[in-house]
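Position in the sequence shown counted from 1, then plus 80, gives you this note's numbering. Beta carbons: idealized from backbone N, C-alpha and C, even for Gly. The structure presented is a predicted model; accordingly, all values stated were derived computationally and were not measured.
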Amino acid sequence: MASKATSHSRTAARKTPRAQRSSVNGFADLGLPNPEQELLKAQLTLQIYRLIKRRGITQTEAGRVLGIKQPHVSALVRNRSGSFSVERLMDFLTVLGRDVEITGRPTRNVHGVVSVVA
């Protein structure tokens, strides 16, 4: 019996998937459509979540401030931007008291990147 368990453990250890180096954008790594936009939405959603938490307000109160229903706030704080556009997420940030600045500058790479700086 003991040899059977040992044999199984060795087999399980060999089947462990190897880690792969990820790019900067996990959405691109997963092959999802519009990975740059999805990454930007995730970054904006994270900032919205942090602001709601910092204020210590409930999801219902946040919904009133943002002009959306509580279930939509719940999705946002779980990093589910859903059907909200990048523009709408930026509007939420301004309503929560943040200035949103968009800056374009030359890149050293073939393609530029989009990022959110808090």
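Judged by beta-carbon spacing, Val-196 lies beyond the 8 angstroms limit of Leu-146, meaning their Cβ atoms are not closer than that value. With a threshold of 16 other beta carbon atoms within 10 Å, Ile-128 meets it and is buried.
Between the alpha carbons of Ile-137 and Phe-164 lies a gap of roughly 21 angstroms. Excluding residues up to 5 positions away in sequence, Ile-128 and Leu-146 lie with their Cβ nearer than 6 angstroms to the Cβ of Phe-172 in the same chain.
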